[in-house]
Amino acid sequence: MRYGRPETHDRALIRGPTRCRRSRSCSSHTRCLDRAGRAWSSCAPACPKGLANRSGVVGRHYMIHNNTIMLSARPFRRNRAIFPKTLYVNDFYERGVAEHPYPLGHIQLVGKLQEPMTRSRAPLAPRWMHRYVTARSIDWWLYSEDLPDPKNRVELTDGDRLRISWTPNNLRSHELLRREARRMARSAGFPITLMRRTGVEDCSHQAGTVRAGSDPDTSALDANCRAHDVENLYVVDSSFFPSLPVMNPALTIAANALRVAAHLRARR
């Protein structure tokens, strides 16, 4: 899949402690940002690049999805739904479009938006307008793949703070997904479409930074999520993802954790 032109470069600083614990068999399963920070904070003469980081990839290939929130509204018909049904649209993920035959992404309904939820996104708009639009809207979440890039990374600063550097990629696919979603909504009778791209501040599907692979020179973990350099260290959260498919990764994380647990049990 081709990379799109970088659009923005986001940096964020997160303050918090980092620790490394020793045990006979250590399985790590908290946030991928904290994972990279712990590895860096474990620098010692035996591992000057940080724990399990001989390859230098720990902290790199940070991924979140390219996200857009879309409101589709009929100006003269109220949407009285309180708990909308779940609806996924993957048509454009399977085939793309004629001028770009690559996966565009995934479209799904989200919970019903209300006026207080949209107010911070458009603070200059009067409240009556927020109430009017949200009372008549169907609300969607659009997301496309964020391709693994070693320049997108998490770093530990001298002040023991985590710094995220992230430049969106694959933007051509996401822009076409937005176009097709708008067309779909208008064909369904919703002439008003409002969209807003989200950035690194909306990182609900973050992954990568301790990627798995078969080559110890380009990955930190093996196929069983065990560190190439540390025999008793396993990483079983979304950090191991070498790429991030355009779906909620929660079930994949859970299934992989069960797989690794079975592997560890079989080793005893």
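By our numbering, the letter at position 74 of the sequence shown is numbered 74, and the numbering carries on one by one without gaps.
Even glycine gets a Cβ: it sits at the ideal position worked out from N, Cα and C.
- In the three-state reduction of the DSSP assignment, V97 falls in the strand class, which pools E and B.
- Cβ-Cβ distances below 6 Å link V133 to A73 in the same chain, with the five nearest sequence neighbours on each side left out; the list follows chain order.
- Per the coordinates, the alpha-carbon of P84 lies some 9 Å from the alpha-carbon of I138.
- Contact between D158 and H65 does not hold, since the beta-carbon distance rounds to 31 Å and is not under 8 Å.
- Here Q206 is buried: its Cβ has 16 or more other Cβ atoms, across all protein chains shown, within 10 Å.
- Sequence-distant partners of T198 (beyond 5 residues in either direction) whose C-beta falls short of 8 Å from its own C-beta, in its chain, are N67, T68 and I69.
- Contact between the segment 219-226 and the segment 101-117 is absent, with fewer than three C-beta pairs closer than 8 Å.
- Looking at the DSSP output, L194 sits in a beta bridge with L71.
- Relative to S144, the option among L71, N170 and I164 whose CA is nearest is N170.
- In this chain, E115 is not harboured by any beta strand (DSSP E); it is covered by the alpha helix (DSSP H) spanning E115 to R119.
- A distance below 8 Å between beta-carbons, with the five flanking residues on each side excluded, links P148 to the following residues of its chain, in chain order: H61, M63, G208, R211, P242, S243 and L244.
- Put simply, of R54, E180 and S239 the residue whose alpha carbon is nearest the alpha carbon of V89 is E180.
- Residue environment for L124: exposed (fewer than 16 other C-beta atoms within 10 angstroms of its C-beta).
- Taking 8 Å as the cut-off, the beta carbon of R178 is found closer than this to the beta carbon of M195.
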